[in-house]
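One structure is given below, encoded as structure tokens.
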Amino acid sequence: MKILCVSDYVDPLIYNPNLKQAFPDIDLVLCAGDLPMDYIDFIVTVLNKPTYFVFGNHNLKELRYYEVTPDHLRGGAKPFPQPEKCAHGATYLGFKTEVNHKLSYIDPKTGKKTPLLIAGISGSSKYNNGACQYTDREMKHHLKKLGLRLLWNKIRYGRYLDIFLTHATPRHIHDHEDPCHVGFKSFNWFLQKYKPSLMIHGHIHLYDMREERSGIYYDTKIVNAYAHCIIDFPDDTVITNN
Numbered sequence: 022m023k024i025l026c027v028s029d030y031v032d033p034l035i036y037n038p039n040l041k042q043a044f045p046d047i048d049l050v051l052c053a054g055d056l057p058m059d060y061i062d063f064i065v066t067v068l069n070k071p072t073y074f075v076f077g078n079h080n081l082k083e084l085r086y087y088e089v090t091p092d093h094l095r096g097g098a099k100p101f102p103q104p105e106k107c108a109h110g111a112t113y114l115g116f117k118t119e120v121n122h123k124l125s126y127i128d129p130k131t132g133k134k135t136p137l138l139i140a141g142i143s144g145s146s147k148y149n150n151g152a153c154q155y156t157d158r159e160m161k162h163h164l165k166k167l168g169l170r171l172l173w174n175k176i177r178y179g180r181y182l183d184i185f186l187t188h189a190t191p192r193h194i195h196d197h198e199d200p201c202h203v204g205f206k207s208f209n210w211f212l213q214k215y216k217p218s219l220m221i222h223g224h225i226h227l228y229d230m231r232e233e234r235s236g237i238y239y240d241t242k243i244v245n246a247y248a249h250c251i252i253d254f255p256d257d258t259v260i261t262n263n
């Protein structure tokens, strides 16, 4: 399975009419936040492949359509349209799990073929009380809410999760020390407990493209999707075109 991962930057290599010719064999698109919805809409329209996205801490004008009671709208907020009416052809994965029966995970050890198991989390660490920002305690609360569905995955498919899509990073993995870009310790807990094969995140800009983009932690391949990269999954080869 070939996955196009994007985040944080409207990449001219992606946002151009030759996208399909440049990437003809994409099976799945993962958008790790801080991207305009029009950009995601373009990718979906051109590639016509299953696309999942989460929100980051910027480009949040459409957040209200996807969260029932987001923090910044509490207190007399009016009802808004249903998510499916403004999904731009993509699936919002914030604080959700999905079983995609159209995409298959083939276990490299056993050869067993099962549906692809995906979960996603929006937001960053709290630094100015803006929308889609969370303390580590709040984030762990959201992660625990996924537990029952992940347990069902384990019973039904023999594993909790294949891909974990986020905007922010785990603590001390690709993160920075400033309040905005510090990672979540709760993500480290989640990785150790549920052991996804692959984690895709954004949020950390790679101004020097020699900076580390991927590595293996807690038996999970963790990849920074900044701008764009291509991943062959499940062998997790990371290909960039910068």
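Numbering-wise, my numbering puts 245 at position 224 of the sequence shown, and it's gapless, one number per residue.
Ideal Cβ placement from N, Cα and C applies to all residues, glycine included.
| Item | Value |
| --- | --- |
| Closest to Pro33 by C-alpha separation, out of Phe63, Arg180 and Ile47, would be which residue? | Phe63 |
| Just how far apart, CA to CA, sit Gly236 and Lys242? | 6 Å |
| Where Tyr126 and Lys23 are concerned, what is the direct C-alpha to C-alpha distance, given to the nearest angstrom? | 12 Å |
| Is it buried or exposed for Ala246, if we count other Cβ within 10 angstroms and need 16 for buried? | buried |
| If you compare alpha carbons, which of Tyr60, Asp183 and Ala43 is closest to Tyr30? | Tyr60 |
| Please state whether the Cβ-Cβ distance between Asn37 and Leu56 is less than 8 Å. | no |
| In three-state terms, what does DSSP make of Lys82? | coil |
| Below 8 Å, can you find three or more Cβ-Cβ pairs linking the segment 219-230 to the segment 157-173? | no |
| Does Leu94 come out as helix, strand or coil in the three-state DSSP assignment? | Legend: pLDDT at Leu94 = 45, less than 50; position of this residue unreliable, value from coordinates given subsequently. Residue state, collapsed to three classes: helix. |
| Near Pro129, which residues of its chain fall below 6 Å by C-beta distance, leaving aside the five closest residues on each side in sequence? | Pro255 |
| So, are the CB atoms of Tyr73 and Gly141 less than 8 Å apart? | yes |
| Lys70: which of Asn121, Asn149, Lys82 and Arg85 sits nearest, CA to CA? | Asn121 |
| For Lys147 and Val65, I'd like the C-alpha separation in whole angstroms. | 31 Å |
| Go ahead and label Arg95 buried or exposed: buried means 16 or more other beta carbons lie within 10 angstroms of its beta carbon, across all protein chains shown. | Because the pLDDT at Arg95 is just 44, under 50, the model does not fix this residue reliably, and the value given afterwards should be weighed accordingly. Answer is exposed; the Cβ neighbour count stays below 16. |
| By how many angstroms is the C-alpha of Gly110 removed from the C-alpha of Leu40? | 17 Å |
| If the criterion is Cβ atoms closer than 8 Å, does the pair Asp196 and Thr190 meet it? | yes |
| Run through DSSP, which three-state label would Val50 get? | strand |
| State the Cα-Cα distance for the pair Asp199 and Arg192, rounded to the nearest angstrom. | 12 Å |
| Restricting to runs no shorter than 4 residues, where is the alpha helix (DSSP H) found entirely within the segment 228-257? | none |
| Let me know the secondary structure DSSP gives Met58 once reduced to three states. | helix |
| Using DSSP's beta-bridge definition, name the partner residues of His222. | Asn245 |
| Around the Cβ of Lys99, are there at least 16 other Cβ atoms within 10 angstroms (buried) or fewer (exposed)? | Reliability of the predicted coordinates at Lys99 is poor, the pLDDT of 49 falling under 50, and no value is obtained from them. |
| Can you tell me where the alpha helix (DSSP H) holding Ser178 begins and where it ends? | According to the sequence as given, residue 178 is Tyr; it is not Ser. Start and end: Gly168 to Tyr178. |
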